[in-house]
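Scroll down for the structure; my scribbles are underneath it.
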Amino acid sequence: MTRQDNPSPRMDSETTRAQLAQRHSIGDDVYEALVSDLIALRIPPGERMSVDALAREFGVSQTPVRAALIRLESEGLVVKKFNSGYSAAPMPSSARFRDVYAMRLLVEPEAAALATIQQTTETCLQLRALCEEMKQLVEGDTRANYGRFALLDGQFHALIAHSCANEVIAETLERLYAHMHLFRLRYHSAVAEEAVKEHLAILTAMEMGDVEAARAAMAAHITSSRARMEPFYQIID
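Using my numbering, read the sequence shown as starting at 18 and increasing by one per residue.
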């Protein structure tokens, strides 16, 4: 099945074109729309993603569609095979999810601690802005905003990792592609609501300059996320 065979119910083509035309970065908008569809499983794992069909759906040229697909491929959400084009990536195995959480629990609390030591006013303001936007999305239509929320969640963790002054930690976490795949596991408003509270706890500790509290808050967040998601990744194999 292709995207052309299974058009997204997200919005009609005229609405899509109008909304994309009002914005500055067509490529970013196509990317975010595809992320939302992939996370919500409107594009299920393994489904072919036709560049031509997507360009017609969004009312844009093939160039921003290809750019979005290349970006998604680099993030592990899309795969490209020789002579068959792009398709949605398969869901990682339950063993992969367990391993990802184990790695995150080892690395991210230390990243939060180091980022607290290195923190600047600008970094905290950026983290605060991400938390505020995530909170607004939760207070609105969480289901409709779930893809955007997943992107912001990933940006929150990435900003902390890149602020810790340890390139190896940042690169290691970036290669896990953790957040996108985790949000593909399930939709539930509680996932987003609890994540917002836990992110704020991390940020508060960082703003106070409390290294140990930031480390503990990040560890608690990852442990809670694992508890929320584990029942769902256990059944995918």
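Every residue gets a Cβ at the ideal spot worked out from N, C-alpha and C, and that includes glycine. Here the structure is a predicted model, which means the values were calculated and not measured.
- Under the criterion of beta carbons closer than 8 Å, I60 and A106 do not qualify as touching, at roughly 10 Å.
- Counting only runs of 3 or more residues that sit fully inside the segment 122-199, no beta strand (DSSP E) segment turns up.
- Put simply, the backbone Cα of A207 is about 10 Å away from that of V213.
- With a cutoff of 9 Å on beta-carbon distance, L169 and E150 are scored as near each other.
- Annotation: the segment 57-118 contains the following complete segments of the alpha helix (DSSP H) (minimum length 4 residues), in chain order: 68-75, 79-91.
- Straight across, the Cα-Cα distance linking L193 with L123 is about 13 Å.
- Look at M225 here: in three-state DSSP terms it is coil, with no helix or strand label.
- Between I219 and A129, the C-beta gap is smaller than 9 Å, which places the two residues in contact.
- Annotation for A84: G44 place their beta carbon closer than 7 Å to its own, counting only its chain and skipping 5 residues before and after.
- Straight-line spacing of the CA atoms in Q136 and M235 works out to 15 Å.
- Sixteen is the threshold: when 16 or more other Cβ atoms of the shown chains lie within 10 Å of the Cβ of M66, as they do, the residue is buried.
- The three-state secondary structure of R245, taken from DSSP, is helix.
- Taking A182 as reference, the option from H174, A132, T240 with the minimal CA-CA separation is A132.
- When the alpha-carbon of L71 is set against those of R243, A50, P248, the nearest one is in A50.
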